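Presented below is the structure to which this report refers.
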Amino acid sequence: MKKHGIFVAAALAVFLSFAGCKSAKKVEDGEGAGGVSSENMNQGADDNTMGDSDSGRAMGLQTIYFKYDSSDISGDAKATADANVTILKANAAVKVQVEGHCDQRGGIQYNIALGEKRANAVKNYLRKAGIAADRLSIISYGKEKLVDTAMTEEAYGKNRRANFVITSK
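Here's what the structure looks like:
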C-alpha cells in the first residue's frame with residue numbers, strides 16, 4: 646500500500662508540473678515590447694503624421710545614418726538631424742522614440758550596445774538643440790530589424806541608422 650501511495654504522489658507531481666507549463670506565445674513579426682507593431686501604430690493615421698522615418702511616414706522626420714562602428718553624428722547626418730530639429734520644434738506636441746540599429750556584423754550584445762549609443766547620440770543632439778527630454782525616448786534593436794538583409798556594403802550602410810517612430814502627437 647505504501648508503494649502505491651508513493652507511485653500516486655509521483656504521478657500527480659509529474660502531472661501537475663506539466664499542467665503548469667504553458668506553450669510560448671508566438672510574437673508576430675514587428676511586435677516589440679508592449680505588443681505594439683508598426684502596422685498597428687499606422688492604422689487610422691493621417692498621411693505622414695504617424696509612423697516611422699524608415700517608411701517615410703513620420704511627419705517628414707528622416708532616418709539618420711552612421712559610419713561603421715560609430716555613433717558620431719557628422720557630415721550629412723548633422724544636416725539630417727538639424728532638419729529633424731526644425732520639424733520637432735514646429736510640432737511641439739509630438740513625441741518620438743529614437744530607435745538605434747546596426748548592420749548584421751558583430752555579436753548581439755555588441756550591436757545592442759552600439760544601437761543604444763546611436764539612439765542616445767541622436768537624443769542628446771536633439772536635446773542640445775532645444776527639444777524637451779520628455780518628448781524623446783530611445784530603444785536599441787541592434788541587428789534585429791534590418792531594412793536590407795543583403796550582405797553588401799550598401800546594405801550595411803542602410804542598416805546603420807537611428808530612425809524615428811512617432812509615439813504621440
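Residues 646 to 814 in my numbering are what the sequence shown lists, from first letter to last.
Positions of the beta carbon are idealized from the N, C-alpha and C atoms, including for glycine.
Just so we're clear, the structure is a prediction, and the values are computed from it rather than from any experiment.
Buried or exposed (CB count within 10 angstroms, at least 16 for buried), residue i
i	result
Lys712	exposed
Arg702	buried
Ala764	buried
Asp699	buried
Ala724	exposed
Inter-residue Cα distance where the pair is residue i and residue j
i	j	result
Gly689	Tyr755	Because Gly689 sits at a pLDDT of 37, beneath the cut-off of 50, its placement in the model cannot be relied upon, and the point is left open.
Ala738	Thr794	35 Å
Cys747	Gly760	6 Å
Thr797	Arg750	11 Å
Arg772	Glu799	30 Å
Met704	Ala758	28 Å
Ser719	Ala774	15 Å
Identity of the residue in the options nearest residue i by Cα
i	options	result
Gly752	Lys740, Thr794 and Lys788	Lys788
Asp727	His746, Val767 and Asp748	Val767
Tyr801	Leu706, Gln707 and Asp714	Asp714
Thr708	Lys790, Val743 and Lys734	Val743
Ala807	Tyr770, Thr797, Ala778 and Ile776	Tyr770
Leu781	Lys734, Thr725, Ile757 and Lys790	Lys734
Val741	Tyr786, Ile718 and Ala777	Ala777
Cut-off 7 Å between Cβ atoms - residues of its own chain near residue i, not counting five sequence neighbours on either side
i	result
Val792	Asp699, Lys803 and Asn804
Contacting residues, own chain, Cβ-Cβ under 6 Å from residue i (five flanking each side not counted)
i	result
Gly745	Gly760, Glu761, Arg763, Ala764, Ser785 and Ala807
Any C-beta of chain D under 8 Å from that of residue i
i	result
Ser700	The structure shown contains no chain D; it is built from a single protein chain.
Cβ-Cβ separation, residue j to residue i (assumed contact under 8 Å), whole Å
i	j	result
Ile811	Gly696	6 Å
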